[in-house]
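0 is the number of the first residue of the sequence shown in numbering that gives the first Met the number 0; add one for each residue after it.
Structure record follows, encoded as structure tokens.
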Amino acid sequence: MQWNGHPGRILAAECAGEENWVDSRTIYVGHREPPPGAEAYIPQRYPDNRIVSSKYTFWNFIPKNLFEQFRRVANFYFLIIFLVQLIIDTPTSPVTSGLPLFFVITVTAIKQGYEDWLRHKADNAMNQCPVHFIQHGKLVRKQSRKLRVGDIVMVKEDETFPCDLIFLSSNRGDGTCHVTTASLDGESSHKTHYAVQDTKGFHTEEDIGGLHATIECEQPQPDLYKFVGRINVYSDLNDPVVRPLGSENLLLRGATLKNTEKIFGVAIYTGMETKMALNYQSKSQKRSAVEKSMNAFLIVYLCILISKALINTVLKYVWQSEPFRDEPWYNQKTESERQRNLFLRAFTDFLAFMVLFNYIIPVSMYVTVEMQKFLGSYFITWDEDMFDEETGEGPLVNTSDLNEELGQVEYIFTDKTGTLTENNMEFKECCIEGHVYVPHVICNGQVLPESSGIDMIDSSPSVNGREREELFFRALCLCHTVQVKDDDSVDGPRKSPDGGKSCVYISSSPDEVALVEGVQRLGFTYLRLKDNYMEVLNRENHVERFELLEILSFDSVRRRMSVIVKSATGEIYLFCKGADSSIFPRVIEGKVDQIRARVERNAVEGLRTLCVAYKRLIQEEYEGICNLLQAAKVALQDREKKLAEAYEQIEKDLILLGATAVEDRLQEKAADTIEALQKAGIKVWVLTGDKMETAAATCYACKLFRRNTQLLELTTKRIEEQSLHDVLFELSKTVLRHSGSLTRDNLSGLSADMQDYGLIIDGAALSLIMKPREDGSSSNYRELFLEICRSCSAVLCCRMAPLQKAQIVKLIKFSKEHPITLAVGDGANDVSMILEAHVGIGVIGKEGRQAARNSDYAIPKFKHLKKMLLVHGHFYYIRISELVQYFFYKNVCFIFPQFLYQFFCGFSQQTLYDTAYLTLYNISFTSLPILLYSLMEQHIGIDVLKRDPTLYRDVAKNALLRWRVFIYWTLLGLFDALVFFFGAYFMFENTTVTSNGQIFGNWTFGTLVFTVMVFTVTLKLALDTHYWTWINHFVIWGSLLFYVVFSLLWGGVIWPFLNYQRMYYVFIQMLSSGPAWLAIVLLVTISLLPDVLKKVLCRQLWPTATERVQNGCAQPRDRDSEFTPLASLQSPGYQSTCPSAAWYSSCSQQVTLAAWKGKVSVEPPPTLSGSRHHCSSSPSHSCPGTRVQMLV
């Protein structure tokens, strides 16, 4: 096979989950040819191990960067204007367009160049680090970039793997090594990888140098968690031994070796073909609603510009049609000018007018917006309220392009486990053959030393039941992928009588650790995996050893995992654990009804349930299973599919043993956050893979569903009873009957006197809704489903596959209202939904950092979402919308007087302003105040925004960038421009004369208009500012002072580099005139008056919620907000004038209170009324699982 092109590049563009077979590659281990007759030796060319994350080189930086920058419409437009100014005789100097454009391009190029230089530095550091590899049986050192595919590499403990390696051997006897992948996916847990069975005994450089093998594997793919290959190991005489290679044999570049002295591995993917490098591909670009509005406004202003130029061109030729106007006696045309084509002259004039008026398109707005977004994003990362001391994590901003979108969210799609809950599992109980076992050595997180053993809630089991009970506990000890952390001080099996507390368990799944720790409290302790034997300490303190034969690993489609083990007596068992929906259909024996009843009861209480089953295998059956698995494992194509089919055949005819229940507690303030978001008018949907009952209980606990919420079910069970069509129509009749009188948008389902609906849908029902109908249309069911969802205050989607989560988001995102969606999750299964939503937020949780890596923003806890949206999002939107409208407004003020001036100068394209003023207006005189405003403005205090979430609705649906607001700002700009121009015109109509008898000329007139304009637009911003700091004062008054000082210097000094100086002494002369001072003060006042009057009248007559709050801010707030936590009411420092505070204190000794529906309720929500577990041994501890707050 000849190497050509770069197949990895083809795949890099694809989603990590989609595997398309490209081709296989053959790798010769140690570059040794296979023995004669084995196969043809075809050496292949692969890239070296250089990593290139930089975008530019020294040679291509300027052309490539310029090409990228001029792909932006505004930059390209200004380049065309600049070229027109160079080519034809235009009224303004090319400098007026060229300088701002050069400034914008240079600033952007410097920023991008600096970022790329940092990437070059990082690449060089990585490419030059030393690597040990084996050459002719000896250890040699060379730079990482010189590594080639097929080299055998040695990596020591705490070193990072230099490329993607197949694990050949380690210093451990069992051929395993521990790895952390924190730099790849953020998971800090130790993962176990396994050496190839036939090479794990090679421990020295000589042994490994003599290895004769070839590896066949897939071409590079970006998916970190998938790998398909096989290794052929040649011995001297026999046929090659073929072994399957999977992701457990692959050590990825960027991962770090832990708890293992050294390993040997062979390089299979190097440089830009490593999985880490293929994951450098950037995500698809998301654009905010503000950016779309900005582009729409830009098109409007472009149309205004073209129409202005057309009007002036037409009027010029109408005016010149009268004799002698076109050719006055003192400026007669040459013969060649008279002969010029009329259309060519008209076109040249049109271009000249376009150049004259082009400043109406604000080129500097793009730079200011970029700076505002980039600098503004630091306010999130600096926010101490969003720092989690427990984990030491703060919020992260992966993209600053969507800051203002945080203030526009209408739908939130949230994962449940790890996002709403802590993902901190605690074993609560297990049910074996109908008997319930509750470990009570731990109560409310406190170890009670006097307790030991277990509580039996039901009667004791029979002798046969005792056997099943021990089998169940063994199943939990053996059916998992938990590692025991190495403890050098403990040698041999841990035989501590209290259940071996010295064991520290590590796993990528918190559920598994909880189950292994739970069964430890019930008398069976998992000790370790050594030499492929799993060791378990039983109740009698005897160590039982089971040989681990096969692991049928967990996946989200099967929702179960199995192990095949062989006991010391030679019996072979298959133990299987998984979700009830995937275990019950495969069971042929066992007390299914009792266990199912217990599972359902636990699920209603919000506990996570798993079922455990087993079957005995005879030797022939096991051999058949081995052959089936081996055939599937060594397949290079469709390996996943073949393995799934094999697992399906193996995991059947099981005997049910029992079920476990694990509690995952709600995150702190999750309920408060959801309540606040709903009051802000945001609809919250929970998308989870959990059981319906478990998820519904969590939804009640976090106040997504309320006591008066009527739950509507759209589940597989109901669809089996009725057709999908009937169920959908019945639900739509129910919800639409009540939504006639009151609109739910205004109440967000929080009104007590209105029927509240909550919808529950499962994955299978969603598939039916999304599936196209026989006639080829799917839209009818989808529309009906969306109609039902819109009328529900909350929606719970359970049993969702990762792809279905993304489908739901996409369905809402592209519905007819086009609402802004936000997805929040913490695991790899949430990535597709995070990428699909307008804004994706990752929770830095215990399930690794795939979600945080792929998100736009990352937060440590779900509770931080409240401040992120209600405060930061609100501020960002207010600031950037003012920035955009203000930029257009000040440019209308700037260029409309220029348009009016043409009527007074015979449409001769004479400029009203001096070249320096034209150039610096947007760069210097008016740019800094609006940038500072857009970074610092707080129209309402942070505490008020947190306390009153309804204020978020004032800015919803892009309220401040609607056409009505845009037209108001444009008309205000036109009015101000008319005042500047005609005010100055009428002031000087009677030829104002200075004290020395000189007459004011056109440059003085233009300077007067410009001075009034600069003062007006700056003071307009000062009037709009609610939050004053010394920086605002410095920038606003400093800008005005800078304008005055610049004008004095520009006109007061003879500059040697200027050919002519038409502004010499103009500004000073203007200021020496009394009428000019009067004109400035009077015209600025008249210009600002309409805006001030409009604000005063609107605030008094039609105030918005925000304005009502602003008006009332001066009055002290002495009542408790509905978000005052109950805990704070009892804190000694808390003072309240609210009469209910006294009631709290009087009742606090006797009643259990719960914050429920914004009021204080004496009873908790119905489904969570108490706990089944009574902790008699310690009355002071509230029982785990109780979700109400005791006020003592």
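Positions of the beta carbon are idealized from the N, C-alpha and C atoms, including for glycine.
Bear in mind the structure is a predicted one, so any value in this text is a computation, not a measurement.
To the nearest angstrom, how far is the alpha carbon of GLU543 from that of ARG467? Between GLU543 and ARG467, the C-alpha separation is close to 17 Å.
Give the DSSP-derived three-state secondary structure of HIS177 in the structure shown. Strand, per DSSP.
Run the CB neighbour count on GLN1148, radius 10 Å, all protein chains shown included, and call it buried at 16 or more, exposed below. Reliability of the predicted coordinates at GLN1148 is poor, the pLDDT of 32 falling under 50, and the value obtained from them is presented with this limitation in mind. Classification for GLN1148: exposed.
Our contact map puts ILE768 next to PHE784 with C-beta atoms below 8 Å; I'd like the distance itself, whole angstroms only. Contact annotation, ILE768 with PHE784: C-beta distance approximately 5 Å; criterion of less than 8 Å satisfied.
Separation of THR179 from GLU383, as counted between CA atoms: Taking the straight line from one Cα to the other gives about 29 Å.
Between which two residues does the alpha helix (DSSP H) harbouring THR255 extend? Going by DSSP, THR255 is part of no alpha helix (DSSP H) but of the beta strand (DSSP E) stretching over 255–257.
Taking just the CA atoms, how far does ALA915 sit from ALA976? Our two residues, ALA976 and ALA915, have alpha carbons roughly 20 Å apart in a direct line.
Taking the beta strand (DSSP E) that MET560 belongs to, which residues open and close that run? Element bounds for MET560: 559–565.
7 Å CB neighbourhood of ARG664 in its chain, flanking five on each side removed: Only THR420, GLU421 and ASN423 meet the Cβ criterion.
Sorted by chain position, which residues of the same chain lie with C-beta nearer than 8 Å to PRO62's C-beta, five sequence neighbours on each side aside? Nothing meets the Cβ criterion.
Counting C-beta neighbours from all protein chains within 10 Å, is the total for TRP1142 16 or more, i.e. buried, or is it exposed? Residue placement at TRP1142 is poorly supported in this model, since its pLDDT is 34, which falls under 50; the coordinates are not used for a value here.
Where GLY680 falls: helix, strand or coil (DSSP): Here GLY680 sits in coil by DSSP.
Out of LEU251, ILE109 and HIS202, which has the shortest C-alpha to C-alpha gap to TYR224? Looking at the Cα atoms, LEU251 is the closest of the given residues.
Can you tell which of ASN123, LEU244, ILE262 and GLY208 has its C-alpha closest to the C-alpha of VAL154? Ranking ASN123, LEU244, ILE262 and GLY208 by CA distance to the CA of VAL154 puts ILE262 first.
Grab me the residues of LYS257's own chain with a C-beta within less than 6 Å of its C-beta, minus the 5 sequence neighbours each way, in chain order. Hits under 6 Å: HIS177, THR179 and HIS189.
Tell me which same chain residues have a C-beta within less than 7 Å of the C-beta of GLN331, skipping the five on either side of it? If we look at GLN331 and ignore the five residues flanking it on each side, it has no Cβ neighbours.
Got a sec, what are the start and stop residues for the alpha helix (DSSP H) SER1260 sits in? Residue 1260 is absent from the model: the chain starts at 0 and stops at 1191.
Can the beta-carbon of ALA658 be found less than 8 Å from the beta-carbon of CYS701? In this structure, the beta-carbon distance from ALA658 to CYS701 does not fall below 8 Å.
Are the segment 1066–1086 and the segment 1010–1030 in contact at 8 Å, needing three or more beta carbon pairs? Using a Cβ-Cβ distance cut-off of 8 Å, the segment 1066–1086 and the segment 1010–1030 are in contact, since at least three pairs of beta carbons, one from each stretch, lie closer than that value.
Between the Cα of SER561 and those of ALA567, GLY569 and SER552, spot the shortest distance and give me the residue it belongs to. SER561 has its Cα closest to that of SER552, out of ALA567, GLY569 and SER552.
Would you decide whether LEU277 is buried or exposed? Buried here means 16 or more other CB atoms lie within 10 Å of its CB. Its Cβ being crowded by 16 or more others within 10 Å, LEU277 is buried.
When you compare only the Cα positions, how much space is there between LYS484 and ALA857? In this model, LYS484 and ALA857 are separated by some 30 Å (Cα to Cα).
Just confirm the distance between the C-beta atoms of LEU703 and ALA793, as a whole number of angstroms; I'd bet it's less than 8 Å. Right, their Cβ atoms sit about 5 Å apart.
Please state if the CB of LEU146 and the CB of CYS162 are separated by a distance shorter than 8 Å. With a cutoff of 8 Å on beta-carbon distance, CYS162 and LEU146 are scored as near each other.
Name the DSSP bridge partner or partners of THR191? DSSP lists HIS177 as partners of THR191.
Along the chain, which unbroken stretches of the alpha helix (DSSP H) at least 4 residues long are found entirely within the segment 602–672? Listed in chain order, they are 618–632 and 638–649.
Cα separation between HIS724 and ASN397? Using only the alpha carbons, I get a separation of about 43 Å.
Buried/exposed call for TRP1054, threshold 16 Cβ in 10 Å: Exposed, because fewer than 16 other Cβ atoms sit within 10 Å of the Cβ of TRP1054.
For a quick check, are the C-beta atoms of GLY433 and LYS590 less than 8 Å apart? It is a contact, given that the beta carbons lie within the stated cut-off.
Which residue's Cα is closest to the Cα of ILE877: PHE861, ALA295, ASP1023 and ARG473? Closest option to ILE877, Cα to Cα, is ASP1023.
Top-ranked residue by Cα proximity to GLY1000, from GLU534, SER880, VAL1095 and LEU911: Nearest C-alpha to GLY1000: LEU911.
Separation of LEU919 from ILE80, as counted between CA atoms: C-alpha of ILE80 to C-alpha of LEU919: approximately 17 Å in a straight line.
Identify every residue that forms a DSSP beta bridge with ILE230. ILE230 pairs with ILE214 and ARG242.
Residues near GLN908 by beta carbon distance below 6 Å, same chain, minus five either side: For GLN908, where only same-chain residues beyond five positions count, the Cβ hits under 6 Å are PRO90, ALA351 and LEU355.
Around the Cβ of SER495, are there at least 16 other Cβ atoms within 10 angstroms (buried) or fewer (exposed)? Unreliable placement is indicated for SER495, whose pLDDT of 39 sits below 50; the coordinate value is still reported in the next sentence. Exposed, since its Cβ has fewer than 16 Cβ neighbours within 10 Å.
Have a look at GLU667 and LYS862 and give me their C-alpha separation to the nearest angstrom. Separation of GLU667 and LYS862 (C-alpha to C-alpha, rounded to the nearest whole angstrom) is 7 Å.
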